[in-house]
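A quick write-up on the structure given underneath.
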Amino acid sequence: MVSDFIKGYNLMKIFVGIDIAKLNHFAATISSDDEILIEPFKFTNDADSFHAYDSSGKSAQSGLARTLYQRAGQRIKSSRT
């Protein structure tokens with residue numbers, strides 16, 4: 556499964572959108588299949604809020620990686636049948 560994913564079969568793209576404003580910013584993450592991976596959320600324009608956003612992104616990466624790996628496996632299985 557992993558080798559097929561690495562070779563580029565059934566590769567999914569991930570898009571991170573950040574709406575930057577003067578006081579508050581919004582961010583969200585979606586897949587190329589239009590699935591919302593991380594719901595939109597607001598963070599303020601200061602160092603503490605940015606570090607919290609950065610930490611939440613890093614902690615979400617492990618869950619996101621697990622989800623993507625499972626979805627890639629499902630796609631590879633369905634393409635073989």
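Quick note: the sequence shown uses this note's numbering, first residue 556, plus one each step. No residue lacks a Cβ here, since even glycine has one placed at the ideal position from N, Cα and C.
Could you check the C-alpha separation between residue 567 and residue 587 for me, to the nearest Å? Within the sequence shown, the letter at position 12 stands for residue 567. Within the sequence shown, the letter at position 32 stands for residue 587. Approximately 6 Å between the Cα atoms of the pair.
Quick check: what's the CA-CA separation for residue 597 versus residue 570? Here the question's residue 597 lines up with position 42 in the sequence shown. Here the question's residue 570 lines up with position 15 in the sequence shown. Roughly 17 Å between the two C-alpha positions.
Could you tell me the distance, in whole angstroms, from the CA atom of residue 606 to the CA atom of residue 599? Against the sequence shown, residue 606 aligns to sequence position 51. Against the sequence shown, residue 599 aligns to sequence position 44. So the alpha carbons of these two residues sit roughly 11 Å apart.
Helix, strand or coil at residue 604 [DSSP, three-state]: What you label residue 604 is simply residue 49 of the sequence shown in a count that begins at 1. Helix, per DSSP.
CA-CA distance, residue 585 and residue 574? Taking the first residue of the sequence shown as position 1, residue 585 is located at position 30. Taking the first residue of the sequence shown as position 1, residue 574 is located at position 19. Taking the straight line from one Cα to the other gives about 14 Å.
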